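A.B. asks:
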Amino acid sequence: MIFDVSRDWVILTPYSVPAARRGAEELSRHIDLLRRRAGTGSGKKPPAIEDAAATAPEEPLILLNPGDGGPYRNGFSWRLGDGRLEIYGDSGRGLWNGIFDFLEALGVRWPEPGRGELPPPARGGLYPLRDNRARKASDPPAGVPRLILAGNGKPKNRDALIHWAARNKIDALILPLRDLNRPRPRAPVLAEHYALIPEAGGWELSLLIPRRFFLFHRDLFRMESGKRNRAFNFCPTNPASISLLKKEAAKFFSALFRIHPEIEVIHLWPDRGHEKTWCSCPACRAFSTGDLYRIALNSAADVLAELAPKARLSLPESFTGGDESGGSVSLRPNIFPLERLPREIRGALPETADIPTPVS
Numbered sequence: 000m001i002f003d004v005s006r007d008w009v010i011l012t013p014y015s016v017p018a019a020r021r022g023a024e025e026l027s028r029h030i031d032l033l034r035r036r037a038g039t040g041s042g043k044k045p046p047a048i049e050d051a052a053a054t055a056p057e058e059p060l061i062l063l064n065p066g067d068g069g070p071y072r073n074g075f076s077w078r079l080g081d082g083r084l085e086i087y088g089d090s091g092r093g094l095w096n097g098i099f100d101f102l103e104a105l106g107v108r109w110p111e112p113g114r115g116e117l118p119p120p121a122r123g124g125l126y127p128l129r130d131n132r133a134r135k136a137s138d139p140p141a142g143v144p145r146l147i148l149a150g151n152g153k154p155k156n157r158d159a160l161i162h163w164a165a166r167n168k169i170d171a172l173i174l175p176l177r178d179l180n181r182p183r184p185r186a187p188v189l190a191e192h193y194a195l196i197p198e199a200g201g202w203e204l205s206l207l208i209p210r211r212f213f214l215f216h217r218d219l220f221r222m223e224s225g226k227r228n229r230a231f232n233f234c235p236t237n238p239a240s241i242s243l244l245k246k247e248a249a250k251f252f253s254a255l256f257r258i259h260p261e262i263e264v265i266h267l268w269p270d271r272g273h274e275k276t277w278c279s280c281p282a283c284r285a286f287s288t289g290d291l292y293r294i295a296l297n298s299a300a301d302v303l304a305e306l307a308p309k310a311r312l313s314l315p316e317s318f319t320g321g322d323e324s325g326g327s328v329s330l331r332p333n334i335f336p337l338e339r340l341p342r343e344i345r346g347a348l349p350e351t352a353d354i355p356t357p358v359s
């Protein structure tokens with residue numbers, strides 16, 4: 000298959016769907032870039048964008064069709080015919096996936112955050128395509144590709160990560176609870192531009208047992224070799240620990256949903272690198288490390304069920320100690336298993352991309 004970027008393409012999209020309109024702008028911009036790269040863009044404007052509700056112009060046409068599926072329906076397909084390209088998404092996010100998959104089929108790449116690559120110039124603007132593509136929608140919410148923004152605090156780093164994630168068909172963005180409890184940080188706004196699914200949390204379970212209580216309430220914290228230690232996690236069999244955890248969870252969840260009522264998934268994981276480092280007091284020794292985590296997570300899940308009945312917590316299977324029986328502590332209905340951890344890119348990142356995408 001060949002896609003001729005030199006033709007006078009018109010993009011039809013429903014103006015009433017913001018993700019579709021923004022996706023049309025992205026596609027138009029990239030077709031214009033490929034025209035210029037091939038030397039066929041002289042005197043031409045980027046492909047026009049028109050409302051699909053109006054009368055359809057003559058071919059060549061690009062039709063962008065977003066379905067009305069929920070945010071976790073991320074499937075897409077695209078089909079190229081003679082003078083007609085159709086890109087379908089099960090949702091706004093699915094449509095973005097279809098647009099970026101089509102561009103990838105043209106040879107556009109975003110190999111790492113902050114860097115984009117265009118294919119070699121095509122003679123006459125005739126860019127070869129691989130076969131038409133389709134991706135089945137993931138089973139929500141366990142199966143969607145995720146990226147966690149835990150290790151890149153600088154706003155420009157995070158912007159580069161979000162651009163990269165959206166273009167590489169990562170659908171959910173996990174933002175730290177600490178950040179989301181402040182009014183309208185930039186990251187959720189940029190995620191909304193791409194119809195990315197906002198989620199909250201990460202290695203933040205210990206936020207619910209603040210370390211400042213150690214001086215006067217050491218029994219809240221983990222016992223190690225007969226002594227209480229405030230480093231890493233806490234004592235989940237102590238009723239006072241559970242009471243404090245629920246109080247702090249109610250505080251965090253209430254603030255979160257007041258600002259971001261759209262969030263449906265929260266991740267509360269033990270301290271990074273110490274996911275299986277739990278208390279060894281006499282009461283805790285009766286449980287496996289996986290069950291100790293389940294006890295703590297169940298307590299947070301009870302609070303979440305009262306504040307947001309549709310929201311759910313994740314439980315990464317790798318954090319439960321490999322309990323073959325699944326553990327002796329049953330999970331609450333609003334907890335789902337997470338087979339693998341989300342992707343994470345840490346450290347300094349380039350501040351600009353070779354193929355920038357302005358956000359209005």
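Number 327 in numbering that gives the first Met the number 0 belongs to position 328 of the sequence shown; there are no gaps in the numbering. We put the CB at the ideal spot given by N, CA and C, even for glycine. Quick caveat, the model's predicted, so the values are computed rather than measured.
How far does the beta strand (DSSP E) with G22 in it extend, from its first residue to its last?
C.D. replies: On the sequence shown, position 23 is the one that residue 22 refers to. Run containing G22: none in the beta strand (DSSP E); it sits in the alpha helix (DSSP H), P17 to A37.
A.B. asks: Only counting the same chain, and skipping five residues up and downstream in sequence, which positions put a Cβ closer than 6 Å to that of A52?
C.D. replies: As a first step, residue 52 is located in the sequence shown; it is residue number 53 there, counting from the start. So no residue of the chain qualifies.
A.B. asks: Closer than 7 Å by C-beta to E274: which residues in its own chain qualify, once you throw out the five before and the five after it? Chain order, please.
C.D. replies: For the purposes of this step, residue 274 is identified with residue 275 of the sequence shown, where counting begins at 1. The answer, listed in chain order, is W268 and F318.
A.B. asks: Starting from the C-beta of D170, find all residues in its chain whose C-beta is less than 8 Å away, skip the five residues before and the five after it, and write them out in chain order.
C.D. replies: In the sequence shown, residue 170 corresponds to position 171, counting from 1. For D170, same chain residues with a beta-carbon under 8 Å away, outside a window of 5 residues either side, are Y71, N73, R92, N96, S137, V143, P144, R145, L195 and I196 in chain order.
A.B. asks: Rounded to whole angstroms, what's the CA-CA distance from D89 to A249? Just pull it up for me.
C.D. replies: The residue labelled residue 89 in the question sits at position 90 within the sequence shown. The residue labelled residue 249 in the question sits at position 250 within the sequence shown. If you take the alpha carbons of D89 and A249, they lie about 34 Å apart.
A.B. asks: Exposed or buried, what is F215 when buried is set at 16 or more other beta-carbons lying within 10 Å of its beta-carbon?
C.D. replies: The count along the sequence shown starts at 1 and reaches residue 215 at position 216. F215 comes out exposed.
A.B. asks: Three-state secondary structure (DSSP) at L67?
C.D. replies: As a working note, residue 67 is residue 68 in the sequence shown. Correcting the residue identity first, residue 67 is Asp in this sequence and not Leu. Looking at D67 - three-state DSSP - the assignment turns out to be coil, as it is neither helix nor strand.
A.B. asks: Check each candidate in F220, G201 and S27 and name the one with the smallest Cα separation from L62.
C.D. replies: As a position in the sequence shown, residue 62 is number 63, starting the count at 1. Of the listed residues, the one whose Cα sits closest to L62 is S27.
A.B. asks: Given A55, which residues of its chain have a CB within under 7 Å of its CB, disregarding the five upstream and five downstream residues?
C.D. replies: As a working note, residue 55 is residue 56 in the sequence shown. Once the five neighbours on either side are set aside, the close Cβ partners of A55 are L11.
A.B. asks: Quick test of the definition: if touching needs 3 or more C-beta pairs under 8 Å, does the segment 325-334 touch the segment 287-297?
C.D. replies: yes
A.B. asks: Could you tell me if P139 is buried or exposed, where buried requires 16 or more neighbouring beta carbons within 10 angstroms of its beta carbon?
C.D. replies: Residue 139 sits at position 140 when you count from the first residue of the sequence shown. Classification of P139: buried, given that the 10 Å Cβ count is 16 or more.
A.B. asks: How big is the Cα-Cα spacing for K43 and G22?
C.D. replies: Mapped onto the sequence shown, residue 43 falls at position 44. Mapped onto the sequence shown, residue 22 falls at position 23. Roughly 20 Å separates the two Cα atoms.
A.B. asks: Does E116 come out as helix, strand or coil in the three-state DSSP assignment?
C.D. replies: Sequence index remark: in the sequence shown, residue 116 carries index 117 (1-based). Residue state, collapsed to three classes: strand.
A.B. asks: Which value, in whole angstroms, describes the spacing of the CA atoms of A18 and I48?
C.D. replies: Residue 18 sits at position 19 when you count from the first residue of the sequence shown. Residue 48 sits at position 49 when you count from the first residue of the sequence shown. Roughly 14 Å separates the two Cα atoms.
A.B. asks: Please name the residue, chosen from L306, S41 and I344, that lies closest to R257 on a Cα-to-Cα basis.
C.D. replies: The count along the sequence shown starts at 1 and reaches residue 257 at position 258. The closest CA to that of R257, considering only L306, S41 and I344, is found on L306.
A.B. asks: Just the Cα atoms here: how many angstroms apart are A352 and K246?
C.D. replies: Along the sequence shown, read from residue 1 onward, the residue named residue 352 stands at position 353. Along the sequence shown, read from residue 1 onward, the residue named residue 246 stands at position 247. Reliability of the predicted coordinates at A352 is poor, the pLDDT of 40 falling under 50, and no value is obtained from them.
A.B. asks: Which residue from L160, A121, P315 and M222 puts its Cα closest to that of R35?
C.D. replies: Locating residue 35 in the sequence shown gives position 36, where the first residue counts as 1. The option with the nearest alpha carbon to R35 is A121.
A.B. asks: Would you list, in sequence order, the uninterrupted alpha helix (DSSP H) runs of no fewer than 4 residues that lie entirely inside the segment 218-279?
C.D. replies: 238-258
A.B. asks: For G69, which residues of its own chain have a beta-carbon under 8 Å away from its beta-carbon, when the five flanking residues on both sides are left out?
C.D. replies: Taking the first residue of the sequence shown as 1, we reach residue 69 at position 70. Contacts found: S90 and P139.
A.B. asks: For W77, list the residues DSSP reports as bridge partners.
C.D. replies: The count along the sequence shown starts at 1 and reaches residue 77 at position 78. Its beta-bridge partners are I86.
A.B. asks: Alpha carbon to alpha carbon, how far is R177 from G326? Give it in angstroms, no decimals.
C.D. replies: Indexing the sequence shown from 1 puts residue 326 at position 327. Indexing the sequence shown from 1 puts residue 177 at position 178. Put simply, the backbone Cα of G326 is about 31 Å away from that of R177.
A.B. asks: Spatial neighbours of R342 within its chain, please: C-beta separation below 6 Å, excluding the five flanking residues on both sides.
C.D. replies: Numbered from 1 along the sequence shown, position 343 holds the residue referred to as residue 342. Only L146 meet the Cβ criterion.
A.B. asks: Where in the segment 166-215 do unbroken runs of the beta strand (DSSP E), each at least 3 residues long, occur, reported from the N-terminal end onward?
C.D. replies: Within the segment 166-215, the complete beta strand (DSSP E) segments of 3 residues or longer fall at 171-174 and 196-201, listed in chain order.
A.B. asks: What are the boundary residues of the beta strand (DSSP E) that includes L314?
C.D. replies: Counted from its first residue, the sequence shown places residue 314 at position 315. Per DSSP, L314 belongs to the beta strand (DSSP E) from R311 to P315.
A.B. asks: Tell me which residues share the same chain as R20 and place their Cβ nearer than 7 Å to its Cβ, disregarding the 5 neighbours each side in the sequence.
C.D. replies: In the sequence shown, residue 20 corresponds to position 21, counting from 1. Cβ neighbours of R20 beyond the five flanking positions: T12 and Y14.
A.B. asks: Could you round the C-beta distance between I344 and L160 to whole angstroms and report it? I think they count as a contact, below 8 Å.
C.D. replies: Reading the sequence shown from its first residue, position 345 is the one you call residue 344. Reading the sequence shown from its first residue, position 161 is the one you call residue 160. The pair is a contact, with the Cβ atoms about 6 Å apart (cut-off 8 Å).
A.B. asks: In three-state DSSP terms, what is L62?
C.D. replies: Sequence index remark: in the sequence shown, residue 62 carries index 63 (1-based). In the three-state reduction of the DSSP assignment, L62 falls in the strand class.
A.B. asks: Label A133 either buried or exposed according to how many other C-beta atoms from any shown protein chain fall within 10 Å of its C-beta, with 16 as the threshold for buried.
C.D. replies: Position 134 of the sequence shown holds residue 133. Exposed, because fewer than 16 other Cβ atoms sit within 10 Å of the Cβ of A133.
A.B. asks: Report the CB separation of R221 from F231 in whole angstroms; it is logged as a contact under 8 Å.
C.D. replies: Numbered from 1 along the sequence shown, position 222 holds the residue referred to as residue 221. Numbered from 1 along the sequence shown, position 232 holds the residue referred to as residue 231. The C-beta separation of R221 from F231 comes to about 7 Å, placing the pair in contact by the 8 Å criterion.
A.B. asks: Using 10 angstroms around the beta-carbon of P238, count the other beta-carbons present and answer buried if the total reaches 16, otherwise exposed.
C.D. replies: Reading the sequence shown from its first residue, position 239 is the one you call residue 238. Exposed, because fewer than 16 other Cβ atoms sit within 10 Å of the Cβ of P238.
A.B. asks: Select from C283, A164, R210 and L303 the residue whose C-alpha is nearest the C-alpha of P112.
C.D. replies: In the sequence shown, residue 112 corresponds to position 113, counting from 1. Looking only at C283, A164, R210 and L303, the smallest Cα-Cα distance to P112 is reached by A164.
A.B. asks: When you compare only the Cα positions, how much space is there between R129 and G201?
C.D. replies: Working through the sequence shown from its first residue, we reach residue 129 at position 130. Working through the sequence shown from its first residue, we reach residue 201 at position 202. Distance between the alpha carbons of R129 and G201 is about 37 Å.
A.B. asks: Quick test of your reading: T39 and G124, contact by CB under 8 Å. State the CB separation rounded to the nearest angstrom.
C.D. replies: Counting from one through the sequence shown, the residue named residue 39 turns up at place 40. Counting from one through the sequence shown, the residue named residue 124 turns up at place 125. Yes, T39 and G124 are in contact; Cβ-Cβ is about 4 Å, under 8 Å.
A.B. asks: Let's test the definition: count the other Cβ atoms within 10 Å of the Cβ of R211 and tell me whether it reaches 16, buried, or not, exposed.
C.D. replies: The residue given as residue 211 occupies position 212 in the sequence shown. Result: exposed.
A.B. asks: From which residue to which residue does the beta strand (DSSP E) around I98 run?
C.D. replies: Taking the sequence shown and counting its residues from 1, one reaches residue 98 at position 99. Segment G91 to L105 is the alpha helix (DSSP H) holding I98; no beta strand (DSSP E) there.
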